[in-house]
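For reference, the structure is listed below as structure tokens.
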């Protein structure tokens, strides 16, 4: 089988499987299986693939045709210009989450940061690599997720302390910034998600309980013990949750609440600062 024949066969295979992004996906799979970039492909599209390359390509095509996410097949995903290892133990880092990181980068230099529900570690590692963070701590309840996050931190040269436990249970001390991209999809909505998400991404990292807000409530209930004076808490949210999460921040004494949109103009980030009067009471 030549590279040209493999590309055509892959497109047809993914078309029959109703894969929406089949054109870019088949390129990525062919590049991975045959070790050939697009420039090399166009220089010699009739190169014969080895038996090993064909078997690898067909195996990856079969998985993608079952709607296994491309990132899990390749084992990696780019985020903030950095390459992160991913597996089905963690959510796939998404471009929408880059909005959250970019906003925090504006004020993270010299700060201490706590990342709750860290998953692959993409948020905290990006902040360490790009944001001049002084101290970085990340926590997650999932041991497989933490193992992957630790591997990402090591590969990318980011000094992060990783803790296993339920939300902030294992955390000590206070931080200038607390950030979280928690599970926020309402339980009843999960079955309606695209199969790549519904069937393969970890339910533990998706399910925000009945109304999708349970983890925001729990994090805010714990955050007062770990947020420094004039510190700020940052959340990624579902596009219809800005009003509800902003209300929760108000209930817990936060001010200067901001809602930030993603690249599509949808609400994606909510942040707030603790009022000094509330913080003074917390320190008493």
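Numbering (the working numbering), first residue to last: 1243 to 1526.
Glycine included, every Cβ here is placed at the ideal spot set by N, Cα and C.
These figures come from a predicted structure and were not determined experimentally.
Assignment of residue 1496 by DSSP, reduced to helix, strand and coil, places it in the strand class.
In the structure shown, residue 1339 adopts helical secondary structure according to DSSP, grouped into three states. Looking only at 1356, 1371, 1389, 1292, the smallest Cα-Cα distance to residue 1324 is reached by 1371.
Counting C-beta pairs closer than 8 Å gives fewer than three between the stretch 1433–1453 and the stretch 1462–1474, which falls short of the contact rule. Per DSSP, reduced to three states, the secondary structure at residue 1346 is helical. In the three-state scheme derived from DSSP, where H, G and I count as helix and E and B as strand, residue 1329 is classed as coil. With contacts defined as CB atoms closer than 8 Å, residue 1423 and residue 1339 qualify as a contacting pair. When Cβ pairs closer than 8 Å are counted between the two stretches, the stretch 1452–1459 is seen not to touch the stretch 1498–1505, the count staying below three. Inclusion of residue 1274 and residue 1327 in the CB contact set at 8 Å is not warranted, their separation being larger than that value.
At the C-beta level, residue 1458 and residue 1487 come within 8 Å of one another.
Non-local beta-carbon contacts of residue 1256 in its own chain, meaning distances under 8 Å to residues more than five positions away in sequence, involve 1264, 1267, 1268, 1303, 1306, 1307 in chain order. In terms of Cα proximity to residue 1298, the closest of 1277, 1400, 1334 is 1277. Here residue 1346 is actually not in contact with residue 1312; their C-beta atoms are around 28 Å apart, not less than 8 Å.
Partner residues in the beta bridge of residue 1513, as assigned by DSSP, are 1476, 1500.
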